[in-house]
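Trainee: Have a look at this one before I ask anything.
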């Protein structure tokens, strides 16, 4: 299959010198799929963003642990691979790895005609990275008053595509309509790839400021991400201003008839990454994030004594 698509030779080798820079290195890994988004990509016959999306969501997970991503590999499953679709997906992943400074080890393409229908694809990415054990994000104790900072997303990222497709009755025609309220067609907005937070996270990691916890909002809605940010052991109070929520979510809420509670369970609500820091570090963290090109939003505070997340 590799020869058939005439792709350049790739490598899965990582020099061991990478690990000699650490006192106590830990190898970490993650796997992410882009299945729901591929339904829309197939509908639009447009696969130029989903490859980047797959790489970016994996790379973001590495940075959320404080790890340096090292190697990315993907698996594409379909009934019968179409050259231009595979080319676009792999070009997107290669571009994402280049921007994330990650070695792209390439793809495995599986033809599963008894499982997949024509033009239906599934894309799964695997990533490995290394982190210093004592600097791994997420081992610090959460304290009352710790501040939750959100980094904006540029769309749904990797969540809620099945719900969006069903609730908005999406078709190729409806996704090609331009909406003034969105400043885009639904197709362009929904197929926008996951933002990569490499620059922002590297700025924080290099600052030596303690990042108590960090979670990418890509494995469920923002409510699940906040619970994960609190290690499912502490609670939080969240106040997200209406003006900080992109108009796409208002369309999903009203036209899709989805309650606000369901919205928070399904979608990222315009936030792609959550960061928890001590109150005294907040101003410096915001300053570093803004210098890295981000528009951080202070979303709320940690509360101890229960694991309840309150929205006000």
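Residue numbers (the UniProt record's numbering): 1 to 312.
For every residue, glycine included, the Cβ atom is placed at its ideal position computed from N, Cα and C.
#1: Exposed or buried, what is residue 15 when buried is set at 16 or more other beta-carbons lying within 10 Å of its beta-carbon?
#2: If you run the structure through DSSP and keep just helix, strand and coil, what is residue 14?
#3: Helix, strand or coil for residue 147 per DSSP?
#4: Measuring only the C-alpha atoms, how far is residue 44 from residue 78?
#5: From residue 137 to residue 236, what does the alpha carbon distance come to, in whole angstroms?
#6: Can you name, in chain order, every residue of its own chain whose Cβ lies under 7 Å from the Cβ of residue 1, other than the five neighbours on each side?
#7: In whole angstroms, what is the alpha-carbon distance linking residue 314 and residue 202?
#8: Please classify residue 72 as buried or exposed, where buried requires at least 16 other C-beta atoms within 10 Å of its C-beta.
#9: According to DSSP, what are the bridge partners of residue 214?
#10: Expressed to the nearest angstrom, what Euclidean distance is found between the alpha-carbon atoms of residue 240 and residue 130?
#11: Between residue 176 and the rest of its own chain, which residues show a CB-CB distance below 7 Å, the 5 nearest in sequence each way excluded?
#12: How is the alpha helix (DSSP H) around residue 56 delimited, first residue to last?
#13: Within the continuous alpha helix (DSSP H) that includes residue 122, where are the two ends?
#14: Quick one: what's got a C-beta closer than 6 Å to residue 289's C-beta in the same chain, skipping five residues either side?
#15: What separation, rounded to the nearest whole angstrom, lies between the Cα atoms of residue 86 and residue 61?
#16: Buried or exposed: where does residue 303 fall if 16 or more other Cβ atoms within 10 Å of its Cβ makes it buried?
#17: Excluding the five sequence neighbours on either side, which residues of its own chain have a C-beta within less than 8 Å of the C-beta of residue 331, listed in chain order?
#18: Quick one: what's residue 247 bridged to in DSSP?
#19: So for residue 109, helix, strand or coil by DSSP?
#20: Taking just the CA atoms, how far does residue 133 sit from residue 182?
#21: So the beta strand (DSSP E) residue 31 belongs to, where does it begin and stop?
#22: Take the Cβ of residue 107 as the centre, count every other Cβ of all protein chains shown within 10 Å, and call the residue buried at 16 or more, exposed below.
#23: Leaving out five residues on either side along the sequence, give the residues of the same chain with a beta carbon under 8 Å from the beta carbon of residue 116.
#24: How close, in whole Å, do the beta carbons of residue 64 and residue 159 come, if the pair is a contact with beta carbons under 8 Å?
Mentor: Taking the coordinates as given:
#1: In the chain shown, the residue the question calls residue 15 occupies position 15. That one is exposed.
#2: Within the chain shown, residue 14 is the residue found at index 14, counting from 1. Correct three-state label for residue 14: coil.
#3: Residue mapping note: residue 147 aligns to position 147 of the chain shown, counting from 1. The answer is strand: DSSP assigns residue 147 an E or B state.
#4: Locating residue 44 in the chain shown gives position 44, where the first residue counts as 1. Locating residue 78 in the chain shown gives position 78, where the first residue counts as 1. Approximately 17 Å between the Cα atoms of the pair.
#5: Here the question's residue 137 lines up with position 137 in the chain shown. Here the question's residue 236 lines up with position 236 in the chain shown. When rounded, the distance between both Cα atoms is 19 Å.
#6: Sequence index remark: in the chain shown, residue 1 carries index 1 (1-based). Confidence is the limiting factor: at residue 1 the pLDDT is only 40, short of 50, which leaves the residue's position unreliable and the question unanswerable from this model.
#7: The displayed coordinates of the chain run from 1 to 312. Any statement about residue 314 would go beyond what the structure contains.
#8: In the chain shown, counting from the first residue as 1, residue 72 sits at position 72. Residue 72 comes out buried.
#9: Along the chain shown, read from residue 1 onward, the residue named residue 214 stands at position 214. Partner(s): 275.
#10: Mapped onto the chain shown, residue 240 falls at position 240. Mapped onto the chain shown, residue 130 falls at position 130. So the two alpha carbons sit approximately 34 Å from each other.
#11: Residue numbering aside, residue 176 sits at position 176 when the chain shown is read from its first letter. Result list for residue 176: 185 and 187, in chain order.
#12: Taking the first residue of the chain shown as position 1, residue 56 is located at position 56. Segment 50-64, the alpha helix (DSSP H) holding residue 56.
#13: Here residue 122 refers to the residue found at position 122 when the chain shown is read from its first residue. Premise fails: residue 122 lies in the beta strand (DSSP E), 121-132, not in any alpha helix (DSSP H).
#14: For the purposes of this step, residue 289 is taken as residue 289 along the chain shown, with counting starting at 1. Cβ neighbours of residue 289 beyond the five flanking positions: 200 and 296.
#15: As a first step, residue 86 must be located in the chain shown, where it is residue number 86. As a first step, residue 61 must be located in the chain shown, where it is residue number 61. About 24 Å.
#16: Walking along the chain shown from the start, residue 303 turns up at place 303. Buried, since its Cβ has 16 or more Cβ neighbours within 10 Å.
#17: It is not possible to answer for residue 331, since the shown part of the chain is limited to 1 through 312.
#18: Taking the first residue of the chain shown as position 1, residue 247 is located at position 247. None, per the DSSP bridge assignment.
#19: By one-based count along the chain shown, residue 109 stands at place 109. Of the three classes helix, strand and coil, the one that applies to residue 109 here is strand, per DSSP.
#20: Translated into the one-based positions of the chain shown, residue 182 becomes position 182. Translated into the one-based positions of the chain shown, residue 133 becomes position 133. If you take the alpha carbons of residue 182 and residue 133, they lie about 43 Å apart.
#21: Counting from 1 along the chain shown, the entry for residue 31 is found at position 31. That run of the beta strand (DSSP E) goes 25-33.
#22: Counting from one through the chain shown, the residue named residue 107 turns up at place 107. The residue in question, residue 107, is buried, as its Cβ has 16 or more Cβ neighbours within 10 Å.
#23: Within the chain shown, numbered from 1, the residue matching residue 116 stands at position 116. Hits under 8 Å: 77, 78, 79 and 122.
#24: By one-based count along the chain shown, residue 64 stands at place 64. By one-based count along the chain shown, residue 159 stands at place 159. That pair is no contact at about 15 Å.
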